[in-house]
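One structure is given below, encoded as structure tokens.
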Amino acid sequence: MTGSRVFESGRRRIGRLNGRNPLGPTPSALRQNEAGEASADAAHALLVAEGPGALAPLAPVTPDLTAAAFFDVDNTMVQGASIIHFARGLAARKYIAVSDMAQFGWQQIKFRVTGKESSEDVASGKEKALSFIAGRETEEFSSLGEDIYDEVIADKVWAGTMALAQAHLDAGQQVWLVTATPLILAQVIAKRLGLTGALGTVVESEDGKFTGRLVGDILHGLGKAHAVRALAVREGFDLKRCTAYSDSHNDVPMLTAVGTAVAVNPDADLREVARNRGWEIHDFRTGRKAAKIGVPTALALGAVGGAAAAVLSRRQED
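In numbering that gives the first Met the number 0, the protein residues as written are 0 to 317.
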């Protein structure tokens with residue numbers, strides 16, 4: 000499976016969710032399982048398509064084939080929300096409206112201040128995102144992602160977190176990003192950072208164009224844990240020898256799916272969980288209180304304001 004076909008899935012999988020035992024898993028849990036399986040399938044297919052030499056290290060390293068590291072992206076590897084950064088770049092290119100950009104930003108502000116996601120916000124955000132991606136070519140979107148990464152995201156990578164990832168690479172282990180961001184964009188971040196690959200939300204495509212439908216659901220919470228387990232099966236990892244990193248208590252399912260869990264720039268709830276369970280904690284932010292509330296809010300507001308300014312500037316030029 001090569002090229003955009005790795006993102007082509009279909010309704011055959013989703014259709015199997017119908018007719019389940021009413022006493023079994025909830026529809027939401029089934030969608031998360033579907034999202035995790037689809038993400039692992041696509042990520043593994045991309046790795047196979049690129050070949051073993053695609054991310055060869057500069058210096059010889061003895062491969063550690065049964066251990067791997069899994070990193071959340073938003074506020075763990077990258078300062079702020081990666082989807083907001085990408086949306087900011089898309090707004091500057093008139094791919095989305097300023098009003099939609101503002102809505103995405105407001106949802107992130109609420110999440111970062113409260114630490115909780117509203118189901119209504121998630122649903123509306125998903126609907127908006129899928130509406131503007133429907134019908135667009137996957138290759139075009141990947142190219143846009145590369146440009147936006149270089150312009151907006153590159154200087155927002157936490158150096159401390161990248162050093163942790165590099166330590167795993169130096170030990171010969173695979174390093175994967177695990178994020179709700181669309182897989183095609185998550186792969187851009189992984190490649191730019193020299194990591195093995197990414198597990199992300201899979202957007203269905205046909206004939207090289209996005210259909211505007213997800214395979215399963217947004218990769219989040221339980222979905223991330225499913226994706227990690229599914230990839231471990233495909234790659235032959237021993238999960239007890241694997242390590243996971245995150246800033247959010249929402250990722251506790253992923254963190255507890257592996258042998259070693261590490262809290263990076265943790266929110267209050269994850270910090271408490273980490274302390275209670277004796278997990279390692281890293282905080283690369285300056286001014287802990289500001290980082291907990293003020294910095295994420297400022298980042299989201301900055302993303303909204305930056306997008307609006309960019310689009311308004313272009314309109315004036317037009």
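All C-beta atoms in this analysis are idealised placements derived from N, C-alpha and C, irrespective of residue type, glycine included. The structure presented is a predicted model; accordingly, all values stated were derived computationally and were not measured.
Checklist entry - Can you tell me whether G199 is buried or exposed, with buried defined as 16 or more other CB within 10 angstroms of its CB? => result Sequence index remark: in the sequence shown, residue 199 carries index 200 (1-based). Around the beta carbon of G199, 16 or more other beta carbons sit within 10 angstroms, so the residue counts as buried.
Checklist entry - Ends of the alpha helix (DSSP H) at D206? => result Within the sequence shown, residue 206 is the residue found at index 207, counting from 1. The continuous stretches of alpha helix (DSSP H) do not include D206, and DSSP gives it neither H nor E.
Item to check | Rounded C-alpha distance that separates A133 from K208 | outcome: Within the sequence shown, the letter at position 134 stands for residue 133. Within the sequence shown, the letter at position 209 stands for residue 208. Looking at the two C-alpha atoms, the distance is approximately 8 Å.
Item to check | From E203, P26, V251, D246, residue whose alpha carbon lies closest to that of W157 | outcome: Here residue 157 refers to the residue found at position 158 when the sequence shown is read from its first residue. Closest option to W157, Cα to Cα, is D246.
Checklist entry - Taking DSSP as the reference, what is the three-state secondary structure of H219? => result Here residue 219 corresponds to residue number 220 of the sequence shown, with the count starting at 1. In this structure, H219 counts as coil in the three-state DSSP scheme.
Next on the checklist: Is it the case that the segment 30-42 contacts the segment 209-222, given that we only count it when at least three CB pairs across the two stretches are under 8 Å?
Outcome noted: By the Cβ criterion, the segment 209-222 is in contact with the segment 30-42, since at least three pairs of Cβ atoms, one from each stretch, lie closer than 8 Å.
Item to check | V151 beta carbon less than 8 Å from that of L182 | outcome: As a first step, residue 182 must be located in the sequence shown, where it is residue number 183. As a first step, residue 151 must be located in the sequence shown, where it is residue number 152. No.
Item to check | Local conformation of P252 per DSSP, three classes | outcome: As a working note, residue 252 is residue 253 in the sequence shown. Helix at P252.
Checklist entry - Hey, Q231 and A243: beta-carbon distance below 8 Å or not? => result Walking along the sequence shown from the start, residue 231 turns up at place 232. Walking along the sequence shown from the start, residue 243 turns up at place 244. The displayed chain sequence assigns Ala, not Gln, to residue 231. When the beta-carbon positions are compared, A231 and A243 stay at least 8 Å from each other.
Item to check | Closest Cα partner of V257 within the set L238, R284, N275 | outcome: Here residue 257 corresponds to residue number 258 of the sequence shown, with the count starting at 1. Distance from the Cα of V257 is smallest, within the candidate group L238, R284, N275, for L238.
Checklist entry - By the 10 Å Cβ neighbour count, where 16 or more other Cβ atoms means buried, how is A289 classified, buried or exposed? => result As a working note, residue 289 is residue 290 in the sequence shown. With a pLDDT of only 34 at A289, under the threshold of 50, the placement of this residue in the model should not be trusted, and no figure is reported.
Checklist entry - Roughly how many angstroms lie between the CA atoms of A67 and R240, to the nearest whole one? => result Translated into the one-based positions of the sequence shown, residue 67 becomes position 68. Translated into the one-based positions of the sequence shown, residue 240 becomes position 241. Cα to Cα, the separation comes out at about 7 Å.
Checklist entry - With burial defined as no fewer than 16 other Cβ atoms inside 10 Å of the residue's Cβ, what is the status of K223: buried or exposed? => result Residue 223 sits at position 224 when you count from the first residue of the sequence shown. Around the Cβ of K223, a 10 Å sphere holds 16 or more other Cβ atoms; the residue is buried.
Checklist entry - In terms of alpha-carbon separation, which member of T25, P24, H43 lies closest to E234? => result Here residue 234 refers to the residue found at position 235 when the sequence shown is read from its first residue. Relative to the Cα of E234, the nearest Cα in the group T25, P24, H43 belongs to H43.
Checklist entry - What do you reckon, are the CB atoms on M76 and T160 nearer than 8 Å? => result Position 77 of the sequence shown, counted from the start, is the residue given in the question as residue 76. Position 161 of the sequence shown, counted from the start, is the residue given in the question as residue 160. Yes; because the gap between Cβ atoms is below 8 Å, this pair is in contact.
Item to check | Neighbourhood of A28 by C-beta distance below 6 Å, restricted to the same chain and skipping five residues each side | outcome: The sequence position of residue 28 within the sequence shown is 29, counting from 1. So the list is empty, once near-sequence residues are dropped.
Next on the checklist: If I follow the unbroken beta strand (DSSP E) through L198, where does it start and stop?
Outcome noted: Here residue 198 is taken as the residue at index 199 of the sequence shown, counted from 1. For L198, the uninterrupted beta strand (DSSP E) segment begins and ends at 196-200.
Item to check | Boundaries (first-last residue) of the beta strand (DSSP E) holding A262 | outcome: Reading the sequence shown from its first residue, position 263 is the one you call residue 262. Residues 259-263.
Checklist entry - What is the C-beta distance between W175 and F69, in whole angstroms, given that I count them as a contact (C-beta under 8 Å)? => result The residue given as residue 175 occupies position 176 in the sequence shown. The residue given as residue 69 occupies position 70 in the sequence shown. Between F69 and W175 the Cβ distance is about 5 Å, and since that is below 8 Å, they are a contact.
Next on the checklist: Going by beta-carbon coordinates alone, are L218 and S38 separated by less than 8 Å?
Outcome noted: Looking up residue 218 in the sequence shown gives position 219. Looking up residue 38 in the sequence shown gives position 39. It is a contact, given that the beta carbons lie within the stated cut-off.
Item to check | Selection from F236, E49, N264 that minimises the alpha carbon distance to P320 | outcome: For the chain, the structure presents residues 0 to 317; residue 320 sits outside this window and is missing.
Checklist entry - Do G196 and L89 have their CB atoms nearer than 8 Å? => result On the sequence shown, residue 196 is found 197 positions in, with the first residue counted as 1. On the sequence shown, residue 89 is found 90 positions in, with the first residue counted as 1. It is not a contact, given that the beta carbons lie outside the stated cut-off.
Checklist entry - Rounded to a whole number of angstroms, what is the C-alpha to C-alpha distance between V251 and P24? => result Reading the sequence shown from its first residue, position 252 is the one you call residue 251. Reading the sequence shown from its first residue, position 25 is the one you call residue 24. Whole-angstrom Cα-Cα distance: 19 Å.
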